[in-house]
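Numbering (this note's numbering), first residue to last: 982 to 1484.
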Ligand code: AHR
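Structure (structure tokens):
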């Protein structure tokens, strides 16, 4: 058994956790919308065509914001195609994913779905093939009360009250050459600034997310942020980060350390924001929106086969990664990285929500179930609200192919409004349990109320429709805790939630 120590103090505050840290993402891609959240012919569908079995799983997750409609899809999308009588909406060929988009689920359906799911909308505008005028028109349609052409059209289409969408993304991954209407940083910075300006003139209460780099290994990373922010710092409120990790080599030690990269990515983007703030003598601090993050690599070969057979098909099974136990561990570590950076990261979206690199899987016409990665998200969303505390951890470390000094124990801590505390902990050690000494100073009397454990002997174990409970949380071994001090056992290769409530 290895030994480690965790010290928490209620004065070691990182920052308040914005509830939007537990957001997700629905793109018109694969079976995320059609056969995922929306399937009018499904036995569980409600009068709007929303799958209630999926809705139930979404509600349990407590998803706080849902980014939509893309992703790469948005860069070729005409939002006007997605409003009005469904039978009159055009069928379009989507060049982002080489599939056919029927537009039967559109803007009104999305807003209604968000309401039913109890989540906040986060809408992306197309700055690939379109520009400031169309973005402004969309804000007028969505948010202007009435008495103008676009707002009256919304009313005519059945929504008397404005949608009041507060959070808007200025395009998607505009730094990537795969993007429809890809731009260089100067071109994008200017168009983002002009679009943002017109959108805010239409509704000054909205908040804007400008595109940062689509990954930390993009060759333009840092220069992109710097040039784009130079053009639009005063207009925007957040800059986006996107990051996906994979483990095609099967190197668990290296895979589980990828959050070292994620943490450095966040800190570098925050530094660039602050450098531009200084350059502009601005009083405003820009915050970060990590609006695409997850594990993504299992489905690559299958996607190539699907598109070879059925290019331009509808609701194709694309990006359907089946997540294993090891993926759930990294997702837990990614969530802790977000919590530990809560002072700068205010919005984050796990990509995506259903079927497409998602925590929830469905059969079209059939069952819905939780993938392995569902559980760490559920735990963080449920027990990760409040104030992020700095965990002072003394833990042995290891070196692997890409990283050195990787802590075996990865932790995050949250102080809740009622004085209770949650500690999240990943044990990256593949064979050794840890005895974790706890020293919690000045919290008053707390007791260890619950230890939740996610563990499986096989890193490749997955949940399927027939065996949906292969990897699921169970009670952990716990330990002792009295008068602010104690010791718990953290099993090898495991995700842990330790809940301390008022004694
Ligand atoms: O989430 C899948 C895709 O990943 C998104 O469409 C795009 O923004 C990113 O490259």
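From the three backbone atoms N, C-alpha and C, an ideal C-beta is built for every residue, glycine too.
Residues near residue i in its chain [Cβ-Cβ closer than 6 Å; skip 5 each side]
i: residue 1254; result: 1267
i: residue 1472; result: 1414, 1436
i: residue 1234; result: 1381
i: residue 1410; result: 1389, 1473
i: residue 1005; result: 1044, 1047, 1330, 1331, 1334
i: residue 1171; result: 1212
7 Å CB neighbourhood of residue i in its chain, flanking five on each side removed
i: residue 990; result: 1422, 1423
i: residue 1177; result: 1151, 1189, 1213, 1216, 1217
i: residue 1064; result: 1087, 1088, 1089, 1138
i: residue 1062; result: 1070, 1071, 1073, 1084
i: residue 1478; result: 1360, 1364, 1403, 1405, 1433
i: residue 1379; result: 1234, 1387, 1389
i: residue 950; result: Absent from the structure is residue 950, since the part of the chain shown begins at 982 and ends at 1484.
Residue environment, residue i, which counts as buried when at least 16 other CB atoms sit within 10 Å
i: residue 982; result: exposed
i: residue 1335; result: buried
i: residue 1159; result: exposed
i: residue 1014; result: buried
i: residue 1426; result: exposed
i: residue 1511; result: Nothing in the structure corresponds to residue 1511, since the chain is present only between 982 and 1484.
i: residue 1016; result: buried
i: residue 1135; result: buried
i: residue 1072; result: exposed
i: residue 1186; result: exposed
i: residue 1046; result: buried
i: residue 1113; result: buried
i: residue 1075; result: buried
i: residue 1059; result: exposed
i: residue 1100; result: buried
i: residue 1156; result: buried
i: residue 1346; result: exposed
i: residue 1455; result: exposed
i: residue 1020; result: buried
i: residue 1181; result: buried
Best match in the options for proximity to residue i [C-alpha to C-alpha]
i: residue 1392; options: 1376, 1221, 1399; result: 1376
i: residue 1416; options: 1449, 1374, 1455, 1395; result: 1374
i: residue 1459; options: 1419, 1297, 1441, 1350; result: 1419
i: residue 1291; options: 985, 988, 1081, 1310; result: 1081
i: residue 1357; options: 1433, 1395, 1184, 1175; result: 1433
i: residue 1169; options: 1360, 1453, 1429, 1210; result: 1210
i: residue 997; options: 1398, 1367, 1231, 1477; result: 1367
i: residue 1453; options: 1340, 1397, 1163; result: 1340
i: residue 1228; options: 1219, 1202, 1201, 1280; result: 1280
i: residue 1310; options: 1353, 1124, 1337; result: 1353
i: residue 1348; options: 1447, 1041, 1183; result: 1447
i: residue 1107; options: 1258, 1054, 1270; result: 1054
i: residue 1480; options: 1449, 1399, 1438, 1221; result: 1399
i: residue 1161; options: 1322, 1315, 1021, 1079; result: 1079
i: residue 1462; options: 1428, 1258, 1470; result: 1428
i: residue 1001; options: 1052, 1338, 1270; result: 1270
i: residue 1317; options: 1257, 1442, 1020, 1476; result: 1476
i: residue 1449; options: 1355, 1208, 1469, 1225; result: 1355
i: residue 1439; options: 1306, 1338, 1468, 1408; result: 1306
i: residue 1326; options: 1396, 1285, 1243; result: 1243
i: residue 1009; options: 1034, 1052, 985; result: 1052
i: residue 1207; options: 1261, 1394, 1118, 1120; result: 1261
i: residue 1251; options: 1103, 1394, 1221; result: 1221
i: residue 1312; options: 1225, 1394, 1295; result: 1225
Neighbourhood of residue i by C-beta distance below 8 Å, restricted to the same chain and skipping five residues each side
i: residue 1283; result: 1298, 1301
i: residue 1245; result: 1197
i: residue 1133; result: 1127
i: residue 1205; result: 1156, 1166, 1193, 1194, 1199
Short CB-CB distance (under 8 Å) between residue i and chain D
i: residue 1388; result: The chain labelled as chain D is not found in the depicted structure, where only one protein chain is given.
Given 8 Å, three or more beta-carbon pairs between the region 1383-1394 and the region 1237-1248: yes
Given 8 Å, three or more beta-carbon pairs between the region 1321-1333 and the region 1263-1277: yes
Contact between the region 1094-1105 and the region 1023-1035 (3+ Cβ pairs under 8 Å): yes
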